[in-house]
Amino acid sequence: DKLMMGMEIRKKVSDFADQKLKSLQSNKTHTNIAFIRTNAMKYLPFYFKKSQLSKIFVLFPDPHFKKRKHKWRIINQALLDEYAYFMTVGGIFYTITDVEIMHTWIFTQFSKHPLFKPLSQTESVRRYLFIFI
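Note that the sequence shown covers residues 60 to 192 in the working numbering.
Structure (structure tokens):
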């Protein structure tokens, strides 16, 4: 009964994901999933309305190592405002990265935002998950 939508800006990655999804859907499974190639940083408001999302996953975001490129990181204060708008109260934001600098950045961004708080150890087996309050 849940709907899922994947978004990716890179063509190669989005083509791969779309191909995998079409393969799964040819067996009449995974019919509640859609995948689109888009720039979520720009066009998220065209896809979702206020309090519509119970979960958001940001998986292995581009770290944009150069300081002048930090504004392009998918997790920043301005985008956290947008994510908060689309999330239901109690919704969970999941992140994962294999870049330590990015992990620190993500944790710092969420820690500074007034509408997100880290989940306690009892609320989550994983560390550094945040809940929209």
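For glycine and all other residues, C-beta sits at the position ideal for the given N, C-alpha and C.
Verify whether the separation of the beta carbon atoms of GLN168 and LEU139 is less than 8 Å.
Counting from 1 along the sequence shown, the entry for residue 168 is found at position 109. Counting from 1 along the sequence shown, the entry for residue 139 is found at position 80. Inclusion of GLN168 and LEU139 in the CB contact set at 8 Å is warranted, their separation being smaller than that value.
Could you work out which residue in ASN91, MET100, ASN135 is closest to GLU67 when comparing CA atoms only?
Walking along the sequence shown from the start, residue 67 turns up at place 8. Residue MET100 is the option with its Cα nearest to GLU67.
Considering only the beta carbon of each residue, do THR156 and PHE119 sit closer than 8 Å?
The sequence position of residue 156 within the sequence shown is 97, counting from 1. The sequence position of residue 119 within the sequence shown is 60, counting from 1. Yes, Cβ-Cβ distance for THR156 and PHE119 is below 8 Å.
Could you check what DSSP says for SER82 in three-state terms: helix, strand or coil?
Within the sequence shown, numbered from 1, the residue matching residue 82 stands at position 23. Helix.
Cβ of LYS70 versus every heavy atom of the ligand SAH: is any distance shorter than 7 Å?
Among the components of this structure there are no ligands whatsoever, and the ligand SAH is therefore not found.
So is ILE134 buried or exposed if we call it buried at 16+ other beta carbons inside 10 Å?
Numbered from 1 along the sequence shown, position 75 holds the residue referred to as residue 134. Burial call: buried.
Where does LEU83 land, buried or exposed, given buried means 16+ other C-beta within 10 angstroms?
Against the sequence shown, residue 83 aligns to sequence position 24. Exposed, by the Cβ-count rule.
Can you tell me whether PHE241 is buried or exposed? The criterion is at least 16 other CB atoms within 10 Å of its CB, across all chains shown.
Shown here, the chain extends from 60 to 192; a query on residue 241 therefore has no answer.
May I have the straight-line CA-CA distance separating SER73 from SER179, to the nearest angstrom?
As a first step, residue 73 is located in the sequence shown; it is residue number 14 there, counting from the start. As a first step, residue 179 is located in the sequence shown; it is residue number 120 there, counting from the start. If I take the Cα positions, the gap works out to 34 Å.
Pick out the complete alpha helix (DSSP H) segments inside the segment 82–129, 4 residues or longer, and give them in chain order.
99–102
Could you pull the start and end residues of the beta strand (DSSP E) that THR154 belongs to?
Walking along the sequence shown from the start, residue 154 turns up at place 95. 146–155 is the extent of the beta strand (DSSP E) around THR154.
Bridge partners for GLU67 per DSSP, in chain order?
For this step, residue 67 is matched to residue 8 along the sequence shown. For GLU67, which the question treats as bridged, DSSP gives the partners ARG96.
Between the C-alpha atoms of TYR102 and THR181, what's the straight-line distance to the nearest angstrom?
In the sequence shown, residue 102 corresponds to position 43, counting from 1. In the sequence shown, residue 181 corresponds to position 122, counting from 1. Going from the Cα of TYR102 to the Cα of THR181 covers about 35 Å.
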